[in-house]
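First up is the structure itself, then whatever we jot down about it.
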């Protein structure tokens, strides 16, 4: 996905903002059963590779696991052991820094398990296991060892000024970032919002960091930067507009994909059918153009349709219904009457579009709103319109070329003078296929049976497309046969 041209352009704009000293908020649709935005997950590795120097903030559960492994046991009466060490290796009272590499991820919990009152304290640390819901006590943002700010401080290490090393919470973090110098203070801090227990904890930090950097008067080259990748679930609707300012950029995953991106995915997914080369190439061009036009920015649907569809227009609606049925394939749009799509899409999903965008059923594609095909009866009409658009895009240039070539036949087989012919049907260089067919019916042009059949097929095909009518299987096969002969 990261190699697609639209994705590369989106990433370039984001990286340019970061390199100019701006913090960034990236918002993705919260599609997927896991709650992790699929686009963000796919782009994260590529973004980190491009950044090179960064701090990836661990999830709260990862910090809990490290704390459990390194936390010494509180004093209490030890239970009876069968041996001095109880069959366990001793735990040394120092942190060698290797615990982070042996951590077993336990999930995105908001805090450490709270010991039950009266329960005996363990004498040795058991392997980490998932804590029950009753044992997890969520912490307030910015408070405790598992807060976002303290996790960032821990990842930054001891490179900050001496006076701020003992501080905790957001205040301590901001003091470190704005008073420390050197590369350590300007590394991009990457936060995965879907890993955070409190949805607004990271955005609150982003606000505070922007205000503190502005108050400190730091030049772009010395500014600490925060890159927050998040879904919009749980965030106030007006938050992106409030955060966007000179020192903070907001990047929506909206309109990032274009026709070239979808065409690339479809071309890579389509199998290679057998058949004569010219006929196969033309039929394949129409099929690929149809998948691109019908699926738009929904690349997963485009890839599946490219693989499973036979390329003939009559079977497309039924195939599309099969692919969009069921809980996985795909998410249903919000209930209620379908609204007409405006001619142009806004620069980012506004409040009225946010729910559909968050479900992954709405995006901006080629400057227009595009909704995910769902197989509904009213949407099937839209699908047929897009089939017609694809056929127009793929076949009209070839029909115009065939028309120009047929003017030579008309000139050679005319039974009347050139001036009389031009008065009745127009100049030969500009004559339409319908005028040529009418001249044949009037007997003013002598054509062979094969030439007449060819002209009739070209005229009917051009006439259907001109009247926004889809060429069915038979009409498409006949036209391709004529164009390739």
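Numbering (our numbering), first residue to last: 7 to 491. Where a beta carbon is used, it is the ideal one built from N, C-alpha and C, also for glycine.
Counting along the chain, no beta strand (DSSP E) covers residue 477, and no H or E run does either.
The bridge partners DSSP lists for residue 232 are 195. Looking at the DSSP output, residue 376 sits in a beta bridge with 369.
For residue 10, there is no enclosing alpha helix (DSSP H), since its DSSP letter is neither H nor E.
Assigned with DSSP and collapsed to three states, residue 463 falls in helix.
Just measuring C-alpha positions, the residue of 261, 447, 473 sitting nearest residue 462 is 447. The three-state secondary structure of residue 24, taken from DSSP, is helix.
Setting aside the 5 residues that flank it on each side, residue 42 is surrounded in the same chain by 200, each with a C-beta closer than 7 Å to its C-beta; the list follows chain order.
For residue 257, the enclosing beta strand (DSSP E) starts and ends at 254-258.
At the C-beta level, residue 60 and residue 194 come within 7 Å of one another. Closest by C-alpha distance to residue 217, out of 227, 233, 180, 236, is 180. The bridge partners DSSP lists for residue 451 are 420. In the DSSP annotation of this structure, the continuous segment of the beta strand (DSSP E) that includes residue 62 starts and ends at 60-62.
Rounded to the nearest angstrom, the Cβ distance from residue 486 to residue 289 is 6 Å, consistent with a contact under 8 Å.
Residue burial is scored here from C-beta neighbours: residue 274 has fewer than 16 other C-beta atoms within 10 angstroms and is therefore classed as exposed. Taking 8 Å as the upper bound for CB-CB distance, residue 63 and residue 176 are not in contact here, some 14 Å apart. CA-to-CA, the gap between residue 28 and residue 207 works out to about 19 Å. Minimum Cα-Cα distance from residue 397 among the listed residues 48, 67, 472 corresponds to 472.
If the five residues before and after residue 355 are omitted, its C-beta is found closer than 6 Å to the C-beta atoms of 260, 363, all from its own chain and listed in chain order. Distances from the alpha-carbon of residue 226 to those of 254, 407, 302 put 254 closest. From the listed residues 44, 233, 161, 204, the smallest Cα separation to residue 20 is found for 233. Assignment of beta-bridge partners to residue 490 by DSSP yields no partner. Straight across, the Cα-Cα distance linking residue 353 with residue 296 is about 26 Å. A direct Cα-to-Cα measurement between residue 198 and residue 48 gives close to 13 Å. By DSSP's assignment, residue 31 forms a beta bridge with 234, 256. Residue 434 holds the alpha-carbon nearest to the alpha-carbon of residue 414 among 184, 434, 401.
In the displayed model, residue 251 falls within a strand according to three-state DSSP. Using a 10 angstroms sphere on the CB of residue 248, the tally of other CB atoms stays under 16, which defines it as exposed. In terms of CA proximity to residue 465, 405 leads the group 490, 405, 428. Straight-line spacing of the CA atoms in residue 237 and residue 361 works out to 12 Å.
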